[in-house]
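Just so you know, we're using my numbering here: the sequence shown kicks off at -16 and counts up by one. Below is one structure, written out as structure tokens; comments come after it.
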Amino acid sequence: DPRVFIGPARSDFVTLATRDDLLEKAERVVELTYASKAMLELKFADEGGFGDGVTQSFYTAVAAELTALASSGMWAEHLPSSIVEHKGNTYLHSRRGLFPKPCCPGSPESDEVCKKFRFLGRLMA
């Protein structure tokens, strides 16, 4: 149809200094860009590459951070076999999936976990 025009995809391009404190940086990036309809692309200043591969590794690293026992507190622990050690960090990994950890409504822990789930939803949207 000659009346249909599909323009180039728009991207929001973000450069992060390093991968250190990645979860905090990801939360800030999502806070600044979640309302945008543009595709998010990332680059790390201390690395040479950019494009889909770097952006994909960013999402993978953020997902790993969200399943880390030390930083998340979002997930209910299942069995001892669901705790996995990898490169000095402890992660939750279950064949049955991860389930939200029950928290008392209104508690400081609940408020913090709600913020992380809001971040996760915006990251995935």
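The beta-carbon is built from N, C-alpha and C at its ideal position, and this holds for glycine as well.
Rounded C-beta distance between Leu49 and Ser40? I'm assuming under 8 Å.
Stepping through the sequence shown from its first residue, residue 49 is reached at position 66. Stepping through the sequence shown from its first residue, residue 40 is reached at position 57. With a Cβ gap of about 15 Å, Leu49 and Ser40 do not count as contacting.
Curious, which full-length alpha helix (DSSP H) runs of at least 4 residues does the stretch 28 to 61 contain?
35 to 49
Using C-beta distances below 6 Å, list every residue in its chain close to Lys99, excluding the 5 sequence neighbours before and after it, in chain order.
The sequence position of residue 99 within the sequence shown is 116, counting from 1. Cβ neighbours of Lys99 beyond the five flanking positions: Met57.
With DSSP collapsed to three states, give me the class of Lys98.
Indexing the sequence shown from 1 puts residue 98 at position 115. DSSP places Lys98 in helix when its eight states are reduced to three.
Would you mind reading off the limits of the alpha helix (DSSP H) that contains Thr16?
For the purposes of this step, residue 16 is taken as the residue at position 33 of the sequence shown. Per DSSP, Thr16 belongs to the alpha helix (DSSP H) from 5 to 16.
Specify, as a first and last residue, the run of the beta strand (DSSP E) that His69 falls within.
Sequence index remark: in the sequence shown, residue 69 carries index 86 (1-based). Its beta strand (DSSP E) spans residues 66 to 69.
Could you name the residues of the same chain whose beta carbon sits closer than 8 Å to that of Ala59, not counting the 5 residues immediately before and after it, in chain order?
For this step, residue 59 is matched to residue 76 along the sequence shown. Cβ within range, chain order: Leu81, Phe82, Pro83, Lys84, Pro85.
In chain order, what residues of the same chain lie with their CB nearer than 7 Å to the CB of Arg122, ignoring the 5 residues before and after it?
Residue 122 lies beyond the stretch modelled for the chain, which goes from -16 to 108, so this question has no answer here.
Residues near His61 in its chain [Cβ-Cβ closer than 6 Å; skip 5 each side]
Within the sequence shown, numbered from 1, the residue matching residue 61 stands at position 78. Spatial neighbours of His61 in its own chain (CB-CB distance under 6 Å, excluding positions within 5 residues in sequence) are listed in chain order as Ser77.
Beta-carbon proximity check, Thr(-2) vs Lys26, cutoff 9 Å
Counting from one through the sequence shown, the residue named residue -2 turns up at place 15. Counting from one through the sequence shown, the residue named residue 26 turns up at place 43. In contact: Thr(-2) and Lys26 (Cβ atoms closer than 9 Å).
To the nearest angstrom, how far is the alpha carbon of Ala(-8) from that of Glu95?
The residue labelled residue -8 in the question sits at position 9 within the sequence shown. The residue labelled residue 95 in the question sits at position 112 within the sequence shown. Straight across, the Cα-Cα distance linking Ala(-8) with Glu95 is about 35 Å.
Look at the alpha carbon of Pro88 and the alpha carbon of Gly(-10), and state the distance between them as a whole number of angstroms.
In the sequence shown, counting from the first residue as 1, residue 88 sits at position 105. In the sequence shown, counting from the first residue as 1, residue -10 sits at position 7. Straight-line Cα distance between these residues: approximately 46 Å.
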